[in-house]
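Beneath this line is the structure, given in structure tokens, with notes to follow.
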Amino acid sequence: MNDLQTRSILYGGGVAAVAALVIAWSRVDSEADVMTLLSSADVQLRMAYAIPAQDKQGKPLSARQDMITTAEEHLAIVERIQPGLAVTAEFEGFAHMLRGSYVAAASSYRRARQCADVQEEQHDILLFNEARMLAKAGRGEEALEVFQSRGEVLDRRFGPQRALEEATILRELGRPDRAKARLEGARGHDAATSMTSLQAGIEYQALGDDAAAERAFTTASLDLPIGDYHLARLKLRTGDVDSSFALLERAERAIPTEVRRLLREEQEAWSAVASDARLQRLLVSEPAAPGR
């Protein structure tokens, strides 16, 4: 079960859509059956992750709930057949997260870290997820303690990401100065990337430090066109409309689909220029090229 044990689900960045899969079981009594059940649980949970929790009327989507329930049933069977697998506990944490039971999710991730078969990299990813769930549950201090419990090892392998996530928690705890210090640490880390700068810029903006956000987004935009989008939104907020549209148009030329999606999802951020012809033009999708 090596592939399942070592896979890395990082819930911060999204999960790819997975095609629907329906399998019927008549009996479960072998290692192959365990693998099949775990694979099915993985698919069901990923599919549920890709579906909104509620419909437009605010009602829970029954199909999503059924997927989570099916996954949980399969995991319970696996636990009876082969108890104590790290991947089973990890998937249980994923299921709890999808249900919004963040404390229970954190507990499952902690239990997975303590399983005898857990691999080192999997252990650290589980630690990140445990801390994230505690933070979502409003237990920021506990989340920081989880990160600090293995800080030296995490800093060697995931230093920038740890610093970024701690910065978010510190901001939510009302400690802006410490949050900014962690952001500077993330950007100055040897393993920092353009994505590090982008994430830092978003955090600086949440902290109200527009100057630091602008520097971070400018650095990110050297390699990531989406950096121009975030910089454009920042420029608009500070009143520099012309610079905002110049950056937005540059981002749209590089990643048109992504920019249009963000413009639709973040309409409130662009409401001040909602009637501007330049924005309306960007929102209009280009017609598809005719087939041969």
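For the sequence shown, position 155 (counting from the first letter as 1) is numbered 160 according to my numbering, and the numbering increases by one without interruption. Beta carbons: idealized from backbone N, C-alpha and C, even for Gly.
Could you tell me whether the Cβ atoms of residue i and residue j are closer together than 8 angstroms?
{"i": "Leu43", "j": "Val92", "result": "yes"}
{"i": "Leu178", "j": "Gln204", "result": "no"}
{"i": "Pro65", "j": "Ala58", "result": "yes"}
{"i": "Ser202", "j": "Thr224", "result": "yes"}
{"i": "Pro165", "j": "His128", "result": "no"}
{"i": "Glu147", "j": "Ala172", "result": "no"}
{"i": "Leu132", "j": "Arg162", "result": "no"}
{"i": "Ala236", "j": "Glu257", "result": "Reading the sequence as shown, one finds Leu at residue 236 and not Ala. No, they are not a contact pair."}
{"i": "Ile174", "j": "Gly145", "result": "yes"}
{"i": "Arg176", "j": "Leu149", "result": "no"}
{"i": "Ile231", "j": "Glu263", "result": "yes"}
So, with DSSP's three-state summary, where would you put residue i?
{"i": "Gln59", "result": "strand"}
{"i": "Pro65", "result": "strand"}
{"i": "Thr243", "result": "coil"}
{"i": "Leu90", "result": "coil"}
{"i": "Trp30", "result": "For Trp30, the predicted model reports a pLDDT of 40, less than 50, meaning its position is unreliable; a value from the coordinates is still stated below. Here Trp30 sits in coil by DSSP."}
{"i": "Pro230", "result": "coil"}
{"i": "Ile207", "result": "helix"}
{"i": "Gln49", "result": "helix"}
{"i": "Glu219", "result": "helix"}
{"i": "Val151", "result": "helix"}
{"i": "Ser106", "result": "coil"}
{"i": "His101", "result": "helix"}
{"i": "Ser280", "result": "coil"}
Among the options, whose alpha-carbon lies nearest the alpha-carbon of residue i?
{"i": "Glu271", "options": "Arg238, Val289, Thr262 and Thr74", "result": "Arg238"}
{"i": "Ala184", "options": "Gln210, Ser199 and Gln127", "result": "Gln210"}
{"i": "Arg104", "options": "Ala197, Asp215 and Ala142", "result": "Ala142"}
{"i": "Gln49", "options": "Ser280, His128, Glu157 and His79", "result": "His79"}
{"i": "Ala111", "options": "Glu95, Glu77 and Asp214", "result": "Glu95"}
{"i": "Lys240", "options": "Ala217, Leu227, Asp228 and Leu229", "result": "Ala217"}
{"i": "Ala117", "options": "Pro88, Arg266, Ala140 and Asp160", "result": "Pro88"}
{"i": "Ser276", "options": "Gly156, Arg255 and Gly244", "result": "Gly244"}
{"i": "Pro261", "options": "His101, Asn134, Leu284 and Ala140", "result": "Leu284"}
{"i": "Gly190", "options": "Leu212, Ile174, Asp214 and Asp160", "result": "Asp160"}
{"i": "Arg51", "options": "Asp60, Thr75, Gln62 and Gly63", "result": "Thr75"}
{"i": "Gln124", "options": "Met102, Leu90 and Ala109", "result": "Leu90"}
{"i": "Tyr1", "options": "Leu252, Cys120, Asp281 and Gln62", "result": "Here the chain comprises residues numbered 6 to 297, so residue 1 is not present and cannot be evaluated."}
{"i": "Ile82", "options": "Glu97, Ala259 and Glu263", "result": "Glu97"}
{"i": "Arg192", "options": "Ala221, Asp214 and Pro181", "result": "Ala221"}
{"i": "Ala282", "options": "Met138, Val246 and Ile130", "result": "Val246"}
If residue i sits next to residue j, beta carbons under 8 angstroms apart, how far is it from one beta carbon to the other, in whole angstroms?
{"i": "Val39", "j": "Ile86", "result": "6 angstroms"}
{"i": "Leu288", "j": "Arg255", "result": "With 8 angstroms as the limit, Leu288 and Arg255 do not qualify as a contact, their Cβ atoms being about 16 angstroms apart."}
{"i": "Asn134", "j": "Tyr114", "result": "5 angstroms"}
{"i": "Ala46", "j": "Arg69", "result": "In fact, because the Cβ distance is near 15 angstroms, the residues do not count as touching under 8 angstroms."}
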